[in-house]
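Structure first, then comments.
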Amino acid sequence: MLIAAATLTQAGPVRAQTPPDLKGTKLVIAYQDPAFPALIRKSGVSDSTPYQIEWVLLTGPAANLTALYANRIDLGHMGDTSLTIEQANARAEWTKDSAPLHIVAAWRNAYSKDYPAAVTAARTSANIKTPKDIKGHKVGYNYGGYAHAQYLAALVKAGITEKDIEPIKFADAATSAAGFNAGEVDVVSGGMGPILNTIKSGAGRVLLTDRDTGIPALNVWTTTSSVLKDRTKVAALQDFFSRMSGYWAWHDANRDAVVAILKETLKVSDERAAFEYHVRSGAFVKFDAGLIGQEQRVADILFDGRAIKKKVKVDVEYDPRFNAAQKAVWPVRSAQ
Numbered sequence: 001m002l003i004a005a006a007t008l009t010q011a012g013p014v015r016a017q018t019p020p021d022l023k024g025t026k027l028v029i030a031y032q033d034p035a036f037p038a039l040i041r042k043s044g045v046s047d048s049t050p051y052q053i054e055w056v057l058l059t060g061p062a063a064n065l066t067a068l069y070a071n072r073i074d075l076g077h078m079g080d081t082s083l084t085i086e087q088a089n090a091r092a093e094w095t096k097d098s099a100p101l102h103i104v105a106a107w108r109n110a111y112s113k114d115y116p117a118a119v120t121a122a123r124t125s126a127n128i129k130t131p132k133d134i135k136g137h138k139v140g141y142n143y144g145g146y147a148h149a150q151y152l153a154a155l156v157k158a159g160i161t162e163k164d165i166e167p168i169k170f171a172d173a174a175t176s177a178a179g180f181n182a183g184e185v186d187v188v189s190g191g192m193g194p195i196l197n198t199i200k201s202g203a204g205r206v207l208l209t210d211r212d213t214g215i216p217a218l219n220v221w222t223t224t225s226s227v228l229k230d231r232t233k234v235a236a237l238q239d240f241f242s243r244m245s246g247y248w249a250w251h252d253a254n255r256d257a258v259v260a261i262l263k264e265t266l267k268v269s270d271e272r273a274a275f276e277y278h279v280r281s282g283a284f285v286k287f288d289a290g291l292i293g294q295e296q297r298v299a300d301i302l303f304d305g306r307a308i309k310k311k312v313k314v315d316v317e318y319d320p321r322f323n324a325a326q327k328a329v330w331p332v333r334s335a336q
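Residue numbers (the UniProt record's numbering): 1 to 336.
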């Protein structure tokens, strides 16, 4: 015992690892529209960071994925099922160690029949009453994201495959919604906001919501394996997500300011801005067994329904190291 004590004394005390200096560090963060970055700036949660934040506008999951693979951004914005589809299309098997991309943050609004995160809708003129009636029609979607998974799940619900419809792939959610609103496609899967006027006018109707398909329909930020190996970037992300955990309370308490920014940045009507205020509220979601199980069930349904090429293990896509800083929760609450 004396020898052991002497050895420890000579070696000196064990020192904690010095936190990295974040000065000179820059986080390049992408989002698919200008509204959320503007709201974050207005909330003040990102003020006086010891690192620089550069916001990048990249519309559509595909553009975000491309930028991530090219190491041009640190965080890419997409839907929770983006990596499930990406993994299913990959040539090499994804594992915890080999997966090139990882989801590090997820969020959504409370479950609500009035403010669904994702829908499959049909033009009234197409006389589509049930998912099975989709067969033979033009169906719009955009690659990646939960809109893509909603589209695939709708086909599974209908008991059909892409061979039974005329699939129309758009560049992003905005253009797919515009195609639906203009009558270029009979059916579309995506967010409710961009097609709200068509639904409210009676020119379209909702066939399925994300609750019908079982898709969690989360917004996510995805990063690369190289970023997660960078100690300084990880420290900056810990700070960023800790700050962001305070955004949601500000959003709820400042409806008028949020709606005004949504109107200005998205160039939308009062009704659409009010809808977006609700659908863009929420909290960070915890990557626990409940969420992973739900995501795995969605992946299995898509595979069994021949909507994706191979079975995937979704747990390899999620990295929970930032959940504590995010004050992340699960399950997603339901609106009162």
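For every residue, glycine included, the Cβ atom is placed at its ideal position computed from N, Cα and C.
Treat the numbers as computed from the prediction; the structure is a model and nothing was measured.
- Note on geometry: alpha-carbon atoms of I40 and D133 lie some 42 Å from one another.
- Between V45 and I73 the beta-carbon gap is near 20 Å, outside 8 Å, which marks them as no contact.
- Its chain contains A110 as the residues whose beta carbon lies nearer than 6 Å to that of R333, once the 5 sequence neighbours on both sides are disregarded; these appear in chain order.
- Measuring C-alpha to C-alpha distances from V104 to each of G293, N219 and G282 identifies N219 as the nearest.
- G76 and D33 have their alpha carbons spaced roughly 12 Å apart.
- Beyond the five residues adjoining it in sequence on each side, T175 comes within less than 8 Å, by CB distance, of N142 in the same chain, given in chain order.
- Annotated three-state conformation of E93 is coil, per DSSP.
- Here S201 is not near W248, since their CB atoms are 8 Å or more apart.
- Secondary structure of T265 (DSSP, three-state): helix.
- The way I'd put it, the region 185 to 199 doesn't touch the region 246 to 264; fewer than three beta-carbon pairs between them come closer than 8 Å.
- Of all alpha-carbon atoms in V314, S112 and T18, the one lying nearest the alpha-carbon of D212 is that of S112.
- Taking all protein chains shown into account, E271 has fewer than 16 neighbouring C-beta atoms within 10 Å of its C-beta and is therefore exposed.
- If the five residues before and after Y51 are omitted, its C-beta is found closer than 7 Å to the C-beta atoms of L22, T25, K26, L27 and A236, all from its own chain and listed in chain order.
- Here G60 is buried: its Cβ has 16 or more other Cβ atoms, across all protein chains shown, within 10 Å.
- Counted as a single uninterrupted DSSP element, the stretch harbouring F287 is not any alpha helix (DSSP H), since DSSP gives it neither H nor E.
- Taking D315 as the centre and dropping the five residues before and after it, the same chain places the C-beta of I292 closer than 6 Å to its C-beta, in chain order.
- Counted as a single uninterrupted DSSP element, the alpha helix (DSSP H) harbouring H251 occupies residues Y247 to A253.
- The beta carbons of S225 and H148 sit about 23 Å from each other, so the pair does not count as a contact at 8 Å.
- Taking A122 as the centre and dropping the five residues before and after it, the same chain places the C-beta of I128, D186, V187, G204, R205 and L207 closer than 7 Å to its C-beta, in chain order.
- With respect to the 8 Å criterion, F284 and Y318 are not classified as neighbours on the basis of their beta carbons.
- About 16 Å separates the CB atoms of I168 and G144; that is not less than 8 Å, and the two are not in contact.
- Spatial neighbours of E54 in its own chain (CB-CB distance under 8 Å, excluding positions within 5 residues in sequence) are listed in chain order as K26, L27, V28 and I29.
- A straight-line Cα-Cα distance of about 13 Å links F180 and V119.
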